[in-house]
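A short write-up of the structure that comes next.
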Amino acid sequence: DFVSDFRSGYVEIGEDNFCLPIYYEYYQEAIKTFKVRNDDVFLCGHPKTGTTWVQEMIWLIANNFDYDTAAKKIIYERSPQIEFPALFDITKLCKDLPYMQGLRYYHILEGIKSPRVIKSHLHWSLLPEEIRNGSKQPKIIVILRTPEDTCVSLYYYSQSAEAYKGSFQDFCKLFLAGRVCFGPFWKQVLSYWNERHRSNILFITYKDMKNDLPAVIKTVAIFLEKPITEDQLTKLTEHLSFESMKKNPAVNYEVGLEYAKCDGAATVRNDFLRSGKVGGYKSEMSPEMIEKFKAWTKENTEGTDLVLH
Ligand code: A3P
20 DFVSDFRSGY VEIGEDNFCL PIYYEYYQEA IKTFKVRNDD VFLCGHPKTG
70 TTWVQEMIWL IANNFDYDTA AKKIIYERSP QIEFPALFDI TKLCKDLPYM
120 QGLRYYHILE GIKSPRVIKS HLHWSLLPEE IRNGSKQPKI IVILRTPEDT
170 CVSLYYYSQS AEAYKGSFQD FCKLFLAGRV CFGPFWKQVL SYWNERHRSN
220 ILFITYKDMK NDLPAVIKTV AIFLEKPITE DQLTKLTEHL SFESMKKNPA
270 VNYEVGLEYA KCDGAATVRN DFLRSGKVGG YKSEMSPEMI EKFKAWTKEN
320 TEGTDLVLH
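Just so we're aligned: 307 in full-length UniProt numbering is position 288 of the sequence shown, and the numbers increase by one with no gaps anywhere.
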């Protein structure tokens, strides 16, 4: 019965049965008709693929390495998430967060100075129309991570942020069945991969960031047409290290746990920057589950040239 327990309050949208909180329906029109700017940067990716890591990188590159503001303002105030109001029951939210009052959020986004760095976990088909029809050409960066590591990360996060009370095994089943928020995983990922011919999209991977962060930073800087010096690169690489980000309250979502408490989270702990590894799933998943993921990936990526392992 874990499915009905965890999924109460979710809706499935569109032909990929994209799973979203019921509140999404209040905001879908505002998101669809959102006025995009050519100098916006959109950062898209499935939850727990390292989106906050990339968000901090992009924000700093786009904002001339303004570390002062980056330290003072929490990441989601500097860089909004377009579906943010849809994630929560705002009537339950803590009252000291007035900027999140539903539709007002979209008016506030309209007023933010360029360059805006906007994050989204949504399926490509649910992004603002002006992006999809090409009438606006913001830069779009997509972060990819293996579904296994993403699933493990999401499991721990869901205990804290989404009141998930079931077992890890059951969570994996939900993930494979596309029944966690922003799933099905491959439908979400492939919805972007299918747009890779567009000149304004760049794909980066969690694995590459772990293996050679400076190289990814350089690629992103070139894509954003923002030159970066060697000194700036060294400083940003250090700033974006796991240890440094874990200590940084502006990016580790300590404050976010307050919302989780309001929403009746099962476990509330500060491990947004939890383990930060590639392949960590190998010590979490049973060999049988790993085989299930493999077969499921094969089935879902057959005929595409997308390989994440
Ligand atoms: P783990 O739970 O595997 O540790 P998102 O921001 O999309 O929710 O992704 C969160 C994941 O990115 C977490 O993965 C988190 O630890 C990882 N992450 C965030 N910052 C990181 C960094 N600087 N280095 C490595 N991993 C990072």
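A virtual CB, placed ideally from N, CA and C, is assigned to each residue, including glycine.
Just so you know, these numbers come straight off a predicted model, no measurement behind them.
Relative to the alpha-carbon of residue i, which residue among the options has its alpha-carbon at the smallest distance?
i: A90; options: H328, P268, F291 and K301; result: P268
i: I309; options: K92, F194 and L62; result: F194
i: K266; options: D168, F291, L252 and E244; result: F291
i: K192; options: L209, N213, L173 and S210; result: L173
i: Y211; options: H142, G153 and K254; result: H142
i: S177; options: K67, Y95 and K229; result: K67
i: L79; options: P306, H258 and E321; result: H258
i: F37; options: P203, V60, Y43 and G121; result: P203
i: N271; options: G64, I93, Y29 and G33; result: I93
i: H65; options: Y45, P166, F53 and P306; result: P166
i: G28; options: S302, D108, L255 and N213; result: D108
In whole angstroms, what is the alpha-carbon distance linking residue i and residue j?
i: T316; j: I41; result: 28 Å
i: Q207; j: N83; result: 31 Å
i: F201; j: Y125; result: 21 Å
i: Q47; j: L145; result: 8 Å
i: H216; j: D168; result: 27 Å
i: S23; j: G197; result: Residue placement at S23 cannot be trusted, given a pLDDT of 45 that sits under 50; the coordinates are not used to answer.
i: L106; j: Q100; result: 10 Å
i: Y43; j: G299; result: 32 Å
i: F312; j: I247; result: 39 Å
i: E102; j: I50; result: 7 Å
List the residues that DSSP assigns as beta-bridge partners of residue i.
i: S139; result: C63
i: Y46; result: Partner(s): none; Y46 has no beta bridge.
i: F222; result: V161
i: L39; result: V30
i: Q100; result: K138
Check whether the Cβ of residue i sits closer than 8 Å to any heavy atom of the ligand GTP, and report yes or no.
i: I32; result: The ligand GTP is not part of the structure shown, which contains the ligand A3P as its ligands.
Report task. Specify whether the stretch 132 to 139 and the stretch 177 to 185 touch according to this definition: at least 3 beta carbon pairs, one from each stretch, less than 8 Å apart. Result -> no
Requested in this report: Kindly confirm or deny that the stretch 219 to 227 and the stretch 154 to 165 touch, where touching means at least three C-beta pairs closer than 8 Å.
Outcome: yes
Query raised in the report: Are at least three pairs of beta-carbons, each pair with one atom in the stretch 233 to 252 and one in the stretch 69 to 84, less than 8 Å apart?
Result: yes
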